[in-house]
Every structure is written in C-alpha cells, then in structure tokens.
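Novice: Encoded as structure tokens, here's the structure I'll be asking about.
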Amino acid sequence: MAKRYAMAMDTRLCVGCTACVLACKTENNVPDGYTRDWVEEVVSGTFPTLQLELRSNRCQHCDNAPCVSACPTGASYIGPGGVVLVNADKCTGCKACIASCPYNARFVHPKGHVDKCTFCTHRTAKGKQPACVTVCPTSALVFGDRNDPDSSISQLLRSRRYKRANVEAGTKPNMFFLI
Amino acid sequence: MLAVEIFTTRQNPAIDPSLAIWNWEIPVYLFLGGLVAGLLVVGALMELYWPERWERRLSRASAGLGIALLSLGMVALFLDLANKIHVYRFYLAFRPTSPMSWGAWILLVAYPAMALWLLASLDAEWLDEALRKRFPWPRLGARFASWLGRGQGFVERHRRRVLYVTASVGVGLGIYTGVLLQTLVARPLWNSALLGPLFLASGVSAGAAFLLLIAKSDAAKAMLLRWDIAALSIELVLLGLFLVDRMSGAQSERAAVSLLTSGPYTGAFFGLVLLLGILVPLWLERRELSGAAHSRFMVPALVLLGGIALRTILVAAGQTSITGLF
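From first to last, the protein sequence lines stand for chains A and B.
For the first sequence, this note's numbering begins at 18 and goes up steadily by one.
For the second sequence, this note's numbering begins at 0 and goes up steadily by one.
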C-alpha cells in the first residue's frame with residue numbers, strides 16, 4: 018500500500034518550548050520573519066478554573082487539499098506519501114492557495130513563490146524524521162506512515178483519542194492532536 | 000462565561016493577525032472584469048434583439064473599451080502576482096478545479112470575441128480609407144486593409160454567431176469573478192453560490208451605466224436606463240439573498256457576515272454599496288425615465304462607485320473571515 022504520511026502531536030506532552038519552530042527554520046533555511054511551523058497556546062475556561070493547551074502546528078497535509086484544487090498552474094501538488102508540496106518553478110504567486118487554506122499555513126516567500134511545511138521530504142526520503150520531530154525534547158511529535166498498521170503513529174491513533182483542526186472545511190487533515 | 004484565548008508564535012507577513020494578501024489590485028480587476036462583462040452582455044444583446052434602438056457606435060465603444068478595460072484589469076492582476084516572471088505558467092496548464100485557471104482561459108477567449116465584434120462594428124469605408132491613406136507605410140496599409148476587409152466580410156456573414164459568443168463570454172466572465180472567491184473554501188464570507196450571479200448583475204449594471212455616458216440617441220438612453228434598472232433591481236435582490244444565505248449558515252458564516260452587518264465594514268457596505276450604489280441610482284433612473292432631467296454623470300458615477308465598493312469590501316472583509324477557530 019502507498020505511504021500516507023501524517024503527524025501526531027501530543028498536547029499532553031508539549032511544553033511550548035518552540036524548539037520545533039527553530040529546528041524548522043534552521044533545517045529549511047526559512048527567511049527571517051517567516052515561519053513554516055508555529056506553537057499555539059489555547060487558554061479556555063472561566064477564572065480560576067482555567068485550562069491551557071499547547072500545540073505545535075503546521076500545514077495539515079490534507080487528503081482533500083483545497084490549496085491544490087485552487088492552484089491554477091499545478092504548482093501546488095500532492096507529492097509522494099500524500100505530502101502537499103509547492104513547485105516554486107510553477108508558482109506565479111497568485112495567492113489563491115493561501116486564501117483557500119483554512120489553517121493559514123502558507124505564506125509568500127520573499128523570492129515570490131508560496132512556501133509552507135514540506136514534512137521535510139528531503140529528510141524523510143532518506144529515512145530520517147522531519148527536523149521538528151527530531152528536536153522535540155518531550156517527544157510530543159510523532160511522524161510516520163498512517164497506512165502502515167505497525168507504525169508508531171498508527172498505534173497511537175488506535176490507542177489515543179485525538180482531534181483535528183477545522184474538519185468542517187472538509188479538508189481531511191493529517192495533523193492529529195492527541196488529547 | 001466560558002472564554003477561549005489563542006496565542007500563536009506565527010507572525011507571517013500578510014497572513015497574521017488576519018489575512019491581507021489581496022490589496023487594491025484584485026478588487027480593481029474584479030470590477031473591471033465585471034464592467035467588461037456588462038459591456039459585452041448589454042452591447043451584444045442590444046445589437047441582437049433591439050438594433051432599431053441601438054447605435055452602431057455603442058457596439059464599437061463596447062468592444063473597443065472592453066479590450067482596453069480588460070487589459071487594464073489584467074495589468075492589475077499582473078501587478079498582484081508575487082512571482083511576476085512566472086505569469087506565463089497560467090497558459091501552460093488548465094486546472095478544471097481552479098476558477099483562476101478558468102478565468103485565465105476565459106480572458107483568452109474574450110479577446111478574439113471582442114476583436115471580431117469590434118471589426119464588425121467598424122465602418123468598412125472608413126477603415127479602408129484610414130488604412131490606405133493615413134497608415135505611415137502605404138503598401139503595408141493596403142495589405143492590412145485587404146485583410147481586414149476580408150475579415151469584415153467573414154464577421155458580417157456570421158454576425159449573429161459572433162454576438163451570441165460575445166454575450167456568452169460576457170456572462171462567463173461576470174460569473175467567474177464571483178465563483179473565483181466562492182470556491183476558496185477557507186473564507187466563509189465568500190462560500191456562497193450567490194456571489195457569481197451577484198457579481199454578474201453588478202457588472203451588467205456597471206456596463207449599462209458606463210454606456211449611458213456615451214449614448215446619444217434618446218431611444219438608446221431609454222433602453223440603457225431600463226437595462227440598468229433591471230440589473231440594479233436583480234443585484235438588490237441577490238444582495239439581500241446573499242446576506243440571508245450567510246446569516247442562516249454555520250457559525251463561521253454568521254460570524255463572517257457580521258463583518259458586513261455589525262462590524263468594521265457596515266458603514267461602507269450599507270452607505271456605499273446599498274444606498275449610493277443601488278438605491279439612489281435606481282430612484283434617479285426611475286425619475287429620469289419619467290422625464291425628470293438631471294446631470295448625466297450622476298447615475299453612472301454612482302453605479303460605478305457601488306460596483307467598485309462592493310468588490311473592495313467583499314475582498315477585504317472576506318479575507319479576514321475564517322472557517323472556525325481551532
């Protein structure tokens with residue numbers, strides 16, 4: 018069966034240290050002032066009974082990616098392992114993909130093309146893990162093949178409850194937030 | 000009260016705190032595209048069905064101005080591209096799921112349609128004389144004159160077909176500018192199928208109003224006033240339905256429409272789009288049809304203002320709307 022890469026993010030383990038953000042910027046040479054992944058802090062409840070959730074977030078590499086449908090030139094495409102990628106050579110910078118993304122995960126690179134998280138395909142192609150996963154000090158990030166029942170991510174998704182972002186947009190996202 | 004506060008370390012330019020990727024260029028293009036769609040629909044249908052109340056020079060103006068204004072719109076579109084050097088990429092692919100791709104190809108069909116229509120509307124003798132006598136290189140001018148003469152003969156034989164194609168291209172162009180926004184699933188203010196017909200109605204009203212500035216005969220003016228009244232009335236109904244459609248939608252759609260009904264865009268939306276752009280011109284046009292005289296620039300200026308305001312407000316407000324907060 019073809020690989021289907023996905024990421025699980027354990028909200029119970031994340032401490033919001035932003036090591037994933039820095040690792041990504043270094044690994045992928047993301048320009049100053051831009052970021053492909055980020056950390057969200059969600060505070061909810063009524064004082065004094067508040068609850069804090071921390072999560073590391075990025076492109077959701079959707080099965081039904083609206084950015085790919087919206088792209089007029091085929092620059093946004095689904096690559097190996099179901100990873101959503103941008104071919105900078107085809108990108109006109111029309112920004113339709115940015116407007117169509119419910120996660121605001123894309124941005125215009127200073128060079129003019131649209132840029133985003135690639136699940137570090139250049140690393141995963143060599144059997145390595147994405148940069149953000151390797152540096153996480155609490156092992157809150159788990160990357161793997163969802164189509165392989167023995168992979169750590171498949172086992173986690175079988176054993177833990179999880180939620181996904183903006184499922185009402187019908188995008189079938191592949192970032193799973195373990196709760 | 001249960002409160003939720005979200006902090007994020009993401010600060011991408013033009014993405015955070017809310018989307019601002021499309022500035023003046025896109026509303027200007029959507030407006031000019033709609034205006035040209037209106038010129039094509041009104042001009043071609045008038046020439047087809049009411050030629051006795053039409054002026055040949057109005058067809059000429061519709062086709063000629065259509066080419067000029069659409070080109071201006073494409074310049075605006077080009078200016079918006081962040082990677083301008085790759086603009087040719089639009090024409091190396093056709094992506095059926097992308098309205099922007101449809102639009103790129105519709106624009107390519109619109110030009111030949113408008114060019115053929117312009118050729119059909121030009122006076123054959125004037126064209127021949129101008130090319131043979133006034134063209135700086137007489138031999139080349141004579142050759143052009145003979146080519147265009149043959150072209151005119153062809154267009155004359157297929158006049159009705161050319162007009163049908165032109166009107167259809169106008170409808171496609173007008174609707175696509177709305178569908179373009181509609182299909183961007185992440186922006187709940189735009190996800191309404193009413194946006195296409197709304198933009199078409201607004202484009203037709205702008206086209207008719209624009210031609211009012213040029214029309215000379217009373218018969219043509221009266222027809223254009225009727226066109227504009229019909230288009231503005233339909234636009235008014237569609238705008239109302241659009242608001243109801245969003246207000247009765249999911250939570251994110253209700254939050255999105257509140258940007259227009261009780262948010263930062265409310266004054267501009269009701270003042271510029273509804274009052275000055277639709278209601279006042281409708282009232283003035285009714286009066287004008289029953290014989291009252293007033294400035295001939297007033298109605299066209301208001302309708303065009305309403306058209307650009309509608310697109311500017313929808314593009315700006317729509318970007319800040321988002322499907323759910325996670």
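Even for Gly, the Cβ is constructed at its ideal location relative to N, Cα and C.
Just so you know, these numbers come straight off a predicted model, no measurement behind them.
Considering only DSSP beta bridges, list what residue 24 of chain A is partnered with.
Specialist: Residue 24 of chain A is bridged to A/160, A/192.
Novice: Using only CA atoms, which one of B/204, B/119, B/235 lies nearest to residue 223 of chain B?
Specialist: Nearest of B/204, B/119, B/235 to residue 223 of chain B, Cα basis: B/204.
Novice: What residues match up with residue 124 of chain A in a beta bridge as DSSP calls it?
Specialist: For residue 124 of chain A, which the question treats as bridged, DSSP gives the partners A/132.
Novice: Looking at chain A, is there any beta carbon in it that lies within less than 9 Å of the beta carbon of residue 253 of chain B?
Specialist: False, the Cβ-Cβ gap to chain A never drops below 9 Å.
Novice: Tell me whether the stretch 256-273 of chain B and the stretch 233-248 of chain B touch, counting them as touching only if at least three CB pairs, one residue from each stretch, are closer than 8 Å.
Specialist: With the cut-off at 8 Å, the stretch 256-273 of chain B and the stretch 233-248 of chain B touch.
Novice: When you check each C-beta in the stretch 9-22 of chain B against every C-beta of chain A, which residues fall closer than 8 Å?
Specialist: Under the 8 Å Cβ criterion, the stretch 9-22 of chain B contributes 9, 10, 11, 12, 13, 14, 15, 18, 20, 21.
Novice: Can a CB atom of chain A be found closer than 9 Å to the CB of residue 213 of chain B?
Specialist: Chain A, which has no Cβ nearer than 9 Å to the Cβ of residue 213 of chain B, makes this no.
Novice: For the stretch 62-91 of chain B, which residues have a CB atom closer than 8 Å to at least one CB atom of chain A, in sequence order?
Specialist: The residues in question are 79, 80, 81, 82, 83, 84, 85, 86, 88, 89, 91.
Novice: Using a Cβ cut-off of 8 Å, pull out every chain A residue sitting near residue 321 of chain B, in sequence order please.
Specialist: In chain order: 119, 121.
Novice: With a threshold of 6 Å on Cβ separation, who are the neighbours of residue 78 of chain B within its own chain once the five nearest residues in sequence on each side are excluded?
Specialist: Within the same chain, residue 78 of chain B has close Cβ partners 24.
Novice: What residue range does the beta strand (DSSP E) around residue 6 of chain B cover?
Specialist: Looking at the DSSP string, the run of the beta strand (DSSP E) that includes residue 6 of chain B is 2-7.
Novice: Can you tell me where the beta strand (DSSP E) holding residue 225 of chain B begins and where it ends?
Specialist: Where residue 225 of chain B is concerned, there is no enclosing beta strand (DSSP E), although the alpha helix (DSSP H) it sits in stretches over 217-246.
Novice: Determine, using beta-carbon pairs with one atom in the stretch 114-128 of chain B and one in the stretch 49-68 of chain B, whether at least three such pairs fall under 8 Å.
Specialist: They touch, by the three-pair rule.
Novice: Could you name each continuous alpha helix (DSSP H) segment of 4 residues or more that falls completely within the stretch 110-153 of chain B, going from the start of the chain to the end?
Specialist: List check, alpha helix (DSSP H) in window: 123-128.
Novice: Looking at residue 110 of chain A and residue 130 of chain A, is the spacing between their C-beta atoms short of 9 Å?
Specialist: Contact flag set, yes.
Novice: According to the neighbour-count rule (16 or more other Cβ atoms, all chains shown, within 10 Å of its Cβ), is residue 53 of chain A buried or exposed?
Specialist: The residue in question, residue 53 of chain A, is buried, as its Cβ has 16 or more Cβ neighbours within 10 Å.
Novice: Run through chain B and tell me which residues come within less than 7 Å of residue 136 of chain A, C-beta to C-beta.
Specialist: Simply none; closest approach about 18 Å.
Novice: Please classify residue 62 of chain A: does DSSP put it in a helix, a strand, or coil?
Specialist: If DSSP states are grouped into helix, strand and coil, residue 62 of chain A belongs with the strands.
Novice: How many angstroms separate the CA atom of residue 72 of chain A from the CA atom of residue 139 of chain A?
Specialist: So the alpha carbons of these two residues sit roughly 24 Å apart.
Novice: Can you give the beta carbon distance from residue 173 of chain B to residue 198 of chain B, rounded, assuming they're within the 8 Å contact cut?
Specialist: Between residue 198 of chain B and residue 173 of chain B the Cβ distance is about 6 Å, and since that is below 8 Å, they are a contact.
Novice: Spatial neighbours of residue 98 of chain A within its chain, please: CB distance less than 6 Å, with the 5 preceding and 5 following residues excluded, ordered by chain position.
Specialist: Hits under 6 Å: 20, 22.
Novice: Report the residue ranges of all beta strand (DSSP E) runs contained in full by the stretch 245-272 of chain B; include only those spanning at least 3 residues, in chain order.
Specialist: For the stretch 245-272 of chain B, not a single whole beta strand (DSSP E) run of length 3 or above is found.
Novice: What residues from chain B crowd round residue 61 of chain A, counting only those whose CB sits closer than 8 Å?
Specialist: Per Cβ cutoff of 8 Å: 1, 2, 3, 4.
Novice: So, under 8 Å CB-CB, residue 28 of chain B and residue 72 of chain B are touching, yes? Tell me the CB distance rounded to an integer number of Å.
Specialist: With 8 Å as the limit, residue 28 of chain B and residue 72 of chain B qualify as a contact, their Cβ atoms being about 5 Å apart.
Novice: So what's residue 295 of chain B in DSSP terms, helix, strand or just coil?
Specialist: Coil.
Novice: Compute the Euclidean distance between the alpha carbons of residue 156 of chain A and residue 194 of chain A, then round it to the nearest angstrom.
Specialist: Approximately 13 Å, taken between the alpha carbons.
Novice: Report the CB separation of residue 81 of chain A from residue 188 of chain A in whole angstroms; it is logged as a contact under 8 Å.
Specialist: That pair is a contact at about 5 Å.
Novice: Do residue 122 of chain A and residue 108 of chain A have their beta-carbon atoms positioned less than 9 Å apart in this structure?
Specialist: Their beta carbons are not under 9 Å apart, which means residue 108 of chain A does not touch residue 122 of chain A by this criterion.
Novice: Closer than 7 Å between beta carbons: that is the criterion. Which residues of the stretch 33-56 of chain A meet it against chain B?
Specialist: Cβ contacts with chain B: 35, 38, 50, 51, 52, 55, 56.
Novice: Which bits of chain B does residue 86 of chain A rub up against, with CB to CB less than 9 Å?
Specialist: Simply 94, 96, 97, 182, 184.
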